[in-house]
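In full-length UniProt numbering, the protein residues as written are 1 to 714.
Beta carbons are placed, not taken as given, at the ideal position from N, Cα and C, and that holds for glycine.
Computed from a predicted structure; not experimentally measured.
Working notes, beginning with the structure itself.
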């Protein structure tokens, strides 16, 4: 257990070591060289990223100048793209630029951020449409405010749920027989079919481009980095590759399918028990998999394959092929001529599809791209949800235990961070602190090390980096002060971020990748005197947070049915939030994992919750230009100990595995029921018991005070 130093003892300045982990580390824990000691001192021992961030707030003038230059560059890119559209044969009336890569990923590599490059909007979800006269960007409610701030005057924001979807806008606004260009690798089969149906009304054409026009404009597009594939040990995976492939083949036979093409990066990683560093924050490898009744294939840039991985794949009967061969092999698969089966096979050495009763090729139309689907005969395609989705979402006992342990270590890091930040805010900013509501005094003049949204999030990363099995962050930390906290997926940047303020709410949504689990936690705090309105809003969010946590519900219940529980306390005040309430969490995989979710939007794939699934519990409330509040824990779905069992359905409940206190001074206890007060006190008592072995004396003293029992205030 690492121990921090007391803030009351003078400390010697340390050499600052770099440890911002944008890209996930793949070395063993004992090889991570980090010179860092958690401390309450005013010295910040964390160095920033390779761009050498300054701890001081940048001048507004330089940031504004950079923004103007960036906007001018985006305008040039738009003009260049339109020139290519006009010169194309046939001429293009519009080009669709989605956020996704060739695997329909939510988070993509730097070289795949085409929509961000052309629009300037950095949110993880969105779609750009460029016509010869207009540029439009669609995004969801998480990003409305952010998009209005980032888009230039040449762009129009289209609000999902309020404005027509892109395919209807095209159908209504572009002329008959208009030609709309797409990169078929970056558009799913589902999306393409939606577009084609809408376009048929005016005989408009969805045209598959041979090359992405945005790539032609993007002159300094980042190159491919051949980062190594690593084997994810079965001691963390909980199930061997051979067992997973055997179960997959049984599902193929049940559906009378002879093969499946897997395109989602986390599904390939889960099936083959591999991990990588191709996408920041997500330990995945750019790869595909084809599994037949007699063979298994792994399509990857072979420069990433080490001798260890090559031997591992051979041992498990998996043929390694070049990444680009997946397209030609899909054609061979469709014609029954895919050779090279590593396990058994038909007498002629081919994976014979057409000559067997099982002749279907399984794809998931939500993740399979149009380019691969176009290589298959439509009559032989079986379109169903991927058979990997549920086994990946329903965690095995090893994965569940790993997630519990990872969240304990992560909770300790968050408590260390909050205690450190509390001390810093009091010492340097005159804040009343985490516990007191006294009016803040003035901050110190000429602070040598100002606290900004970026520098404090780097400090949090530092605490996490000392923990066992740490491999990096699971998403960019949402470290947000005051009005920035109202931007639901705010991403602070060093040259434009805000300085911390004792008189404003601070929201921190963060998570990490550990070899034994992925974490995601949000806490909202105030280091000064919160207003009564802020307290009321925080308490309403907390009530919704508790309501979902204690829910008991029958098997077969979807997250859409549970979402109302978290919103009802807010609705009573006429308040709400524009995002879902919960998403699945990967096991050292993507921080957002399906197929289940808890959301106010009915899903086309309304997957019921099952025991051993993970899901987040994260209601919130946001006032534009003022503040934002969100509270988030990770839950494990489990069998409920219900007194009765009506209909023999079986009932489910939740187990929370996230551990960090809720700020008592933001809670208006008069608005809580006795049961809710008991829930908070029980949760806080568990926090103390579970985290105590992972903290030093001073940190434990802070946690004991943060978790003192709350009572109804007068």
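Query, Result
"Where residue 77 falls: helix, strand or coil (DSSP)", "helix"
"Option nearest residue 266 by Cα separation, candidates 169, 595, 661", "595"
"Contact between the region 193 to 210 and the region 154 to 173 (3+ Cβ pairs under 8 Å)", "yes"
"Residues sharing a beta bridge with residue 233, DSSP", "In the DSSP output, where bridge partners are listed per residue, residue 233 has none listed."
"Chain-order list of residues whose beta-carbon lies under 6 Å from that of residue 136 (same chain, five-residue window excluded)", "129, 156, 158"
"Contacts around residue 344, its chain only, beta-carbon distance under 6 Å, and the 5 residues preceding and following it disregarded", "Reliability of the predicted coordinates at residue 344 is poor, the pLDDT of 32 falling under 50, and no value is obtained from them."
"Spatial distance of residue 571 from residue 578 (CA atoms)", "13 Å"
"Bridge-paired residues (DSSP) for residue 325", "Bridge partners of residue 325: none, in fact."
"Reference residue 363, options 686, 289, 172, 450, closest by Cα", "289"
"Contact set for residue 353: own chain, Cβ-Cβ below 6 Å, skip 5 residues either direction", "Unreliable positioning characterises residue 353 in this predicted model, as indicated by a pLDDT of 48, which lies under 50. A coordinate reading is not provided."
"Cβ neighbours of residue 312 in the same chain (closer than 7 Å, five flanking residues each side left out)", "231"
"Assigned exposure category for residue 253 - 16 Cβ within 10 Å defines buried", "exposed"
"Separation of residue 85 from residue 407, as counted between CA atoms", "50 Å"
"Beta strand (DSSP E) runs contained entirely in the region 512 to 593, provided each spans 3 or more residues", "512 to 514, 521 to 526, 582 to 584"
"Assigned secondary structure, residue 332 (DSSP; H/G/I helix, E/B strand, else coil)", "helix"
"Assigned secondary structure, residue 338 (DSSP; H/G/I helix, E/B strand, else coil)", "coil"
"Inside the region 382 to 469 only - alpha helix (DSSP H) runs reaching at least 4 residues", "389 to 393, 397 to 429, 453 to 465"
"Cα-Cα separation between residue 274 and residue 176, rounded to whole angstroms", "48 Å"
"Residue 584 and residue 393 closer than 8 Å at C-beta", "yes"
"Helix, strand or coil at residue 154 according to DSSP, with G and I counted as helix", "coil"
"Reference residue 505; option with closest CA among 629, 433, 616", "629"
"Short CB-CB distance (under 8 Å) between residue 458 and chain D", "Absence of chain D from the displayed structure is noted, only one protein chain being present."
"CB of residue 555 within 8 Å of CB of residue 619, strictly", "no"
"Backbone CA spacing between residue 687 and residue 707 [nearest angstrom]", "8 Å"
"Length of the line joining the Cα atoms of residue 562 and residue 301", "43 Å"
"Where residue 314 falls, given that 16 or more other Cβ within 10 Å makes a residue buried", "exposed"
"Proximal residues to residue 225 (C-beta, below 6 Å), its chain only, five neighbours per side dropped", "none"
"CA nearest to the CA of residue 412, picked from 80, 109, 101, 703", "703"
"Residue 228 - containing alpha helix (DSSP H), residue span", "No alpha helix (DSSP H) holds residue 228; DSSP gives it neither H nor E."
"Proximal residues to residue 377 (C-beta, below 8 Å), its chain only, five neighbours per side dropped", "334"
"7 Å Cβ shell around residue 553 - same chain, five flanking residues per side excluded", "562, 651, 652"
"Contact under 8 Å by Cβ, residue 517 with residue 338", "no"
"First through last residue of the alpha helix (DSSP H) which encompasses residue 610", "It is not in any alpha helix (DSSP H) - residue 610 carries neither H nor E in the DSSP assignment."
"Beta-carbon proximity list for residue 767, same chain, < 8 Å, skipping 5 on both sides", "Beyond the ends of the chain as shown, which are 1 and 714, falls residue 767; an answer cannot be given."
"Beta-carbon proximity check, residue 114 vs residue 220, cutoff 8 Å", "no"
"Supposed contact pair residue 529 and residue 437 - C-beta distance, whole angstroms, cut 8 Å", "5 Å"
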